[in-house]
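I have placed the structure first, in the form of structure tokens, so that the comments after it can refer back to it.
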Amino acid sequence: MVKRLLFLIPLILTSLQSQTVIGKYAGEFLSIGVGGRPLGMGGAYVAIANDVTAGYYNPAGLAKLNYPQIALMHDERYGNLVNYNYAAVAIPYGKDYTFG
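In our numbering, the protein residues as written are 147 to 246.
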């Protein structure tokens with residue numbers, strides 16, 4: 147009886163510990179986002195995307211640009227394991243058109 151308990155107690159404790167480990171999902175780097183203003187707003191930028199980063203959040207916002215814009219971003223995460231680079235160019239053409 148004692149031998150069974152000595153065997154079962156560590157088995158139960160290790161199985162409980164393995165169930166309580168909370169990890170991140172594998173594709174977290176896909177939700178990093180771009181731009182200082184959108185990231186400063188916590189990613190809540192879809193409705194007011196009115197600069198060159200609108201191409202990432204809401205491409206319809208590119209139509210209302212008044213002047214050419216360039217965005218460059220470099221982000222290192224997870225102890226330099228993931229490097230995230232972003233570059234965008236938007237050039238207004240006419241009143242309601244933008245190339246970007």
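The beta-carbon is built from N, C-alpha and C at its ideal position, and this holds for glycine as well.
In this text, all values refer to a predicted model and were calculated from it rather than measured experimentally.
Alpha carbon to alpha carbon, what distance is there between residue j and residue i?
i, j, result
"Ile194", "Tyr213", "17 Å"
"Ala233", "Gly225", "22 Å"
"Asn231", "Ile158", "45 Å"
"Leu227", "Met187", "25 Å"
"Asp221", "Val180", "9 Å"
"Asp242", "Ala209", "5 Å"
"Ile216", "Gly246", "10 Å"
"Leu185", "Tyr239", "28 Å"
"Tyr191", "Arg150", "59 Å"
Among all the DSSP beta bridges, which residues are the ones paired with residue i?
i, result
"Ile141", "Residue 141 cannot be examined here, being either before or after the span of the chain that is shown, 147 to 246."
"Tyr243", "Tyr239"
Can you tell me where the beta strand (DSSP E) holding residue i begins and where it ends?
i, result
"Pro238", "Val228 to Tyr239"
"Leu218", "Gln215 to Arg223"
By the DSSP assignment, the alpha helix (DSSP H) with residue i in it spans what residues?
i, result
"Tyr202", "Ala200 to Tyr203"
"Leu211", "No alpha helix (DSSP H) contains Leu211, which DSSP labels as neither H nor E."
"Gly182", "Gly182 to Gly186"
Is it right to say residue i is buried, meaning 16 or more other beta carbons lie within 10 angstroms of its own, or is it exposed?
i, result
"Ala236", "buried"
"Gly201", "buried"
"Pro205", "exposed"
"Pro156", "exposed"
"Val148", "exposed"
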